[in-house]
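Structure first, commentary second.
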Amino acid sequence: MPATPIATTNPATGETVKTFTAASDAEVDAAIARAADRFVEYRRTSFAQRAQWMHAAADLLEAEADEVAALMTLEMGKTLASAKAEALKCVKGFRYYADHSAEFLADEVADASKVNASKAFARYQPLGVVLAVMPWNFPLWQAVRFAAPALMAGNVGLLKHASNVPQTALYLADLLARGGFPDACFQTLLISSSAVERVLRDPRVAAATLTGSEPAGRSVAAVAGDEVKHTVLELGGSDPFIVMPSADLEAAVRTAVTARVQNNGQSCIAAKRFIVHTDIYDDFVTQFVSQMSALRVGDPTDPDTDVGPLATESGRDEVAQQVDAAAAGGAVIRCGGKRLDRPGWFYPPTVITDISRDMPIFTEEVFGPVASVYRAADIDEAIGIANASPFGLGSNAWTRDEAEIRRCVDEIEAGQVFINGMTVSYPELPFGGIKRSGYGRELSAHGIREFCNLKTVWVA
Numbered sequence: 001m002p003a004t005p006i007a008t009t010n011p012a013t014g015e016t017v018k019t020f021t022a023a024s025d026a027e028v029d030a031a032i033a034r035a036a037d038r039f040v041e042y043r044r045t046s047f048a049q050r051a052q053w054m055h056a057a058a059d060l061l062e063a064e065a066d067e068v069a070a071l072m073t074l075e076m077g078k079t080l081a082s083a084k085a086e087a088l089k090c091v092k093g094f095r096y097y098a099d100h101s102a103e104f105l106a107d108e109v110a111d112a113s114k115v116n117a118s119k120a121f122a123r124y125q126p127l128g129v130v131l132a133v134m135p136w137n138f139p140l141w142q143a144v145r146f147a148a149p150a151l152m153a154g155n156v157g158l159l160k161h162a163s164n165v166p167q168t169a170l171y172l173a174d175l176l177a178r179g180g181f182p183d184a185c186f187q188t189l190l191i192s193s194s195a196v197e198r199v200l201r202d203p204r205v206a207a208a209t210l211t212g213s214e215p216a217g218r219s220v221a222a223v224a225g226d227e228v229k230h231t232v233l234e235l236g237g238s239d240p241f242i243v244m245p246s247a248d249l250e251a252a253v254r255t256a257v258t259a260r261v262q263n264n265g266q267s268c269i270a271a272k273r274f275i276v277h278t279d280i281y282d283d284f285v286t287q288f289v290s291q292m293s294a295l296r297v298g299d300p301t302d303p304d305t306d307v308g309p310l311a312t313e314s315g316r317d318e319v320a321q322q323v324d325a326a327a328a329g330g331a332v333i334r335c336g337g338k339r340l341d342r343p344g345w346f347y348p349p350t351v352i353t354d355i356s357r358d359m360p361i362f363t364e365e366v367f368g369p370v371a372s373v374y375r376a377a378d379i380d381e382a383i384g385i386a387n388a389s390p391f392g393l394g395s396n397a398w399t400r401d402e403a404e405i406r407r408c409v410d411e412i413e414a415g416q417v418f419i420n421g422m423t424v425s426y427p428e429l430p431f432g433g434i435k436r437s438g439y440g441r442e443l444s445a446h447g448i449r450e451f452c453n454l455k456t457v458w459v460a
């Protein structure tokens with residue numbers, strides 16, 4: 001199979017705008033060498049100096065937010081409004097780690113007298129060159145939530161971004177350089193997925209992080225395991241959205257629509273499986289289908305558009321195949337469900353009910369604006385359906401019953417549980433999953449510590 005071309009292709013039209021030549025092995029080796037050499041000096045810089053550069057990059061990005069938003073919309077099709085919100089979220093992420101990294105990585109002092117020492121503490125130290133393999137769906141935020149903590153910890157980064165967002169990837173490296181970070185602190189490698197193993201096996205590369213599909217995560221984890229290198233994986237999600245009778249139904253439906261079609265339905269933490277108590281099931285489905293049907297699908301640069309195209313033609317085709325297979329198996333398509341007859345890779349907001357457990361869609365992640373709705377007799381069945389998934393990234397539960405809230409918090413198998421609200425990533429909160437959604441955490445203090453050596457120090 002030929003390698004995916006490294007190119008900007010407008011998903012709203014299917015037109016290839018700009019192509020790039022993949023870096024040669026020699027060019028990649030040179031980049032790794034520069035990174036390794038830079039780390040020797042960069043790790044000695046102070047938190048204050050790194051924070052100064054990080055704030056400068058944040059200020060530049062804030063000033064360029066409209067320009068960057070247009071670039072992301074061009075490359076992967078998200079609406080301009082959501083693209084600008086992503087750019088500004090990255091500004092917040094930069095500033096958060098600039099302001100808090102010294103606190104997060106401060107020495108952890110132990111009781112020296114209890115370990116027969118005059119002094120004892122644990123110190124966080126950077127690992128070195130870290131490879132980041134990032135996806136296209138949040139092309140700036142996904143990379144920034146690695147870059148900001150990694151650089152503030154004293155690591156240096158190599159970014160292998162998705163092949164369909166090369167200009168966004170190059171922009172980030174340029175932004176950090178303009179912010180003042182020394183040469184080779186953060187480099188974008190324009191390489192194919194097949195070249196990742198060679199980079200990860202290089203002894204100068206200390207660790208890796210990947211956000212992407214389960215197969216990609218398995219591949220990187222297997223190589224890293226063979227090399228005994230640390231990894232963080234954030235993979236797929238098929239997040240449940242439980243709605244119980246005590247919920248504010250109007251708010252739940254409104255949020256359910258946003259949670260399903262955010263980023264044109266292409267988000268790992270988008271709600272995908274809507275599990276509704278039988279007493280309110282019919283009302284929920286009626287309102288949900290009505291609001292999903294009313295969404296405007298179209299040009300992502302048009303401010304009136306609610307849902308733009310899917311990022312790739314293959315992604316659109318896979319979503320269509322999953323829906324068609326569900327319908328052929330007896331599921332009911334309540335709205336949408338048919339490809340749109342227009343240029344570009346559009347798929348309409350779709351609601352599916354009457355899904356049986358033997359249908360592939362019951363356990364698959366659908367990476368597009370397609371919602372699966374399930375009926376539950378009680379909280380036991382609702383949690384059971386929620387956990388009947390190989391994934392465990394985010395989750396939502398809507399209820400005002402304190403006992404039900406406690407059960408959802410304790411029993412839903414996921415890295416995150418949001419009660420009466422939509423799952424969102426915040427710099428202040430740890431982000432990650434369990435089961436086939438991966439391992440490790442990004443964001444918060446936990447995220448910056450992932451790529452540090454926690455060194456125990458004992459002084460007689």
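The opening position of the sequence shown corresponds to residue 1 in full-length UniProt numbering, with each subsequent residue numbered one higher. Positions of the beta carbon are idealized from the N, C-alpha and C atoms, including for glycine.
Worksheet item: Helix, strand or coil for asparagine 155 per DSSP?
Response: Mapped onto the sequence shown, residue 155 falls at position 155. The answer is coil: DSSP assigns asparagine 155 none of H, G, I, E or B.
Fill in: Extent of the continuous alpha helix (DSSP H) run through lysine 272
Locating residue 272 in the sequence shown gives position 272, where the first residue counts as 1. Where lysine 272 is concerned, there is no enclosing alpha helix (DSSP H), although the beta strand (DSSP E) it sits in stretches over 271–277.
Worksheet entry | Nearest to glycine 77 (by Cα), restricted to the options Leu310, Gly157, Ala110 | Locating residue 77 in the sequence shown gives position 77, counting from the first residue. Per the Cα distances, Leu310.
Worksheet item: If you pair each beta-carbon of the stretch 420–436 with each one of the stretch 292–312, do three or more pairs fall below 8 Å?
Response: The stretch 420–436, when compared against the stretch 292–312, does not touch it at the 8 Å Cβ threshold.
Fill in: Buried versus exposed, by CB contacts within 10 Å (16 or more), alanine 153
Taking the sequence shown and counting its residues from 1, one reaches residue 153 at position 153. Under this definition alanine 153 is a buried residue.
Worksheet entry | Exposure of proline 240, with buried meaning 16 or more beta-carbon neighbours within 10 Å | In the sequence shown, the residue the question calls residue 240 occupies position 240. Its Cβ being crowded by 16 or more others within 10 Å, proline 240 is buried.
Worksheet item: Between arginine 218 and valine 196, what straight-line distance do the alpha-carbon atoms span, to the nearest angstrom?
Response: What you label residue 218 is simply residue 218 of the sequence shown in a count that begins at 1. What you label residue 196 is simply residue 196 of the sequence shown in a count that begins at 1. Those two C-alpha atoms are separated by around 13 Å.
Practice prompt. Please report how far the alpha carbon of leucine 61 lies from the alpha carbon of alanine 147, in whole angstroms.
Written response: Within the sequence shown, numbered from 1, the residue matching residue 61 stands at position 61. Within the sequence shown, numbered from 1, the residue matching residue 147 stands at position 147. Each residue's alpha carbon lies about 14 Å from the other.
Worksheet item: Using 8 Å as the threshold, is the stretch 235–249 in touch with the stretch 338–355, meaning 3 or more CB pairs across them?
Response: Using a Cβ-Cβ distance cut-off of 8 Å, the stretch 235–249 and the stretch 338–355 are not in contact, since fewer than three pairs of beta carbons, one from each stretch, lie closer than that value.
Discussion item. Given this structure, state the Cα-to-Cα distance separating alanine 33 from glutamate 41, to the nearest angstrom.
Written reply: Here residue 33 corresponds to residue number 33 of the sequence shown, with the count starting at 1. Here residue 41 corresponds to residue number 41 of the sequence shown, with the count starting at 1. One alpha carbon belongs to alanine 33, the other to glutamate 41, and they sit about 13 Å apart.
Worksheet item: Could you give the residue range of the beta strand (DSSP E) that holds serine 192?
Response: The residue labelled residue 192 in the question sits at position 192 within the sequence shown. No beta strand (DSSP E) holds serine 192; DSSP gives it neither H nor E.
Worksheet item: Given a threshold of 16 other Cβ atoms within 10 Å of its Cβ, counted over all protein chains shown, does leucine 454 qualify as buried or as exposed?
Response: Here the question's residue 454 lines up with position 454 in the sequence shown. Classification for leucine 454: exposed.
Fill in: aspartate 248 (DSSP reduced to helix, strand or coil)
In the sequence shown, counting from the first residue as 1, residue 248 sits at position 248. Looking at aspartate 248 - three-state DSSP - the assignment turns out to be coil, as it is neither helix nor strand.
Practice prompt. Could you name the residues of the same chain whose beta carbon sits closer than 7 Å to that of isoleucine 379, not counting the 5 residues immediately before and after it, in chain order?
Written response: Within the sequence shown, numbered from 1, the residue matching residue 379 stands at position 379. Excluding the 5 residues flanking it on each side, isoleucine 379 has same chain C-beta neighbours closer than 7 Å at Met244, Glu404, Arg407, in chain order.
Worksheet item: Fully enclosed by the stretch 306–375, which beta strand (DSSP E) runs are 3 residues long or longer?
Response: Restricting attention to beta strand (DSSP E) runs no shorter than 3 residues, the stretch 306–375 encloses them at 332–335, 350–353, ordered along the chain.
Discussion item. Taking a contact to mean a Cβ-Cβ separation below 8 Å, would you say glutamate 75 touches threonine 168 in this structure?
Written reply: Walking along the sequence shown from the start, residue 75 turns up at place 75. Walking along the sequence shown from the start, residue 168 turns up at place 168. Cβ atoms of glutamate 75 and threonine 168: closer than 8 Å.
Practice prompt. Please name the residue, chosen from Thr456, Ala460, Ile448, that lies closest to tyrosine 96 on a Cα-to-Cα basis.
Written response: Sequence index remark: in the sequence shown, residue 96 carries index 96 (1-based). The shortest Cα separation from tyrosine 96 among Thr456, Ala460, Ile448 belongs to Ile448.
Worksheet item: When you compare only the Cα positions, how much space is there between aspartate 111 and alanine 460?
Response: Here residue 111 refers to the residue found at position 111 of the sequence shown. Here residue 460 refers to the residue found at position 460 of the sequence shown. For aspartate 111 and alanine 460, the gap between their C-alpha atoms comes out near 13 Å.
Item to complete: Would you identify the three-state DSSP class for threonine 258, choosing helix, strand or coil?
Response: In the sequence shown, residue 258 corresponds to position 258, counting from 1. Helix, per DSSP.
Discussion item. Given this structure, state the Cα-to-Cα distance separating leucine 340 from proline 348, to the nearest angstrom.
Written reply: Here residue 340 refers to the residue found at position 340 when the sequence shown is read from its first residue. Here residue 348 refers to the residue found at position 348 when the sequence shown is read from its first residue. In this structure, the straight-line span from the alpha carbon of leucine 340 to that of proline 348 is close to 7 Å.
Discussion item. Taking 8 Å as the threshold (C-beta atoms), are isoleucine 361 and alanine 325 in contact?
Written reply: Along the sequence shown, one-based indexing puts residue 325 at 325. Along the sequence shown, one-based indexing puts residue 361 at 361. By the CB criterion at 8 Å, alanine 325 and isoleucine 361 fall inside the cutoff.
Practice prompt. Compare the C-alpha of glutamine 142 against each of Cys185, Met72, Ala271 and name the closest.
Written response: Counted from its first residue, the sequence shown places residue 142 at position 142. Minimum Cα distance to glutamine 142 is reached at Met72.
Worksheet item: What do you reckon, are the CB atoms on leucine 159 and phenylalanine 451 nearer than 8 Å?
Response: Position 159 of the sequence shown, counted from the start, is the residue given in the question as residue 159. Position 451 of the sequence shown, counted from the start, is the residue given in the question as residue 451. No, they are not a contact pair.
Item to complete: Excluding the 5 residues preceding and the 5 following glycine 344 in the sequence, name in chain order all residues of the same chain whose CB lies nearer than 7 Å to its CB.
Response: Residue mapping note: residue 344 aligns to position 344 of the sequence shown, counting from 1. Pro11, Ala12, Thr13, Gly14, Pro309, listed in sequence order.
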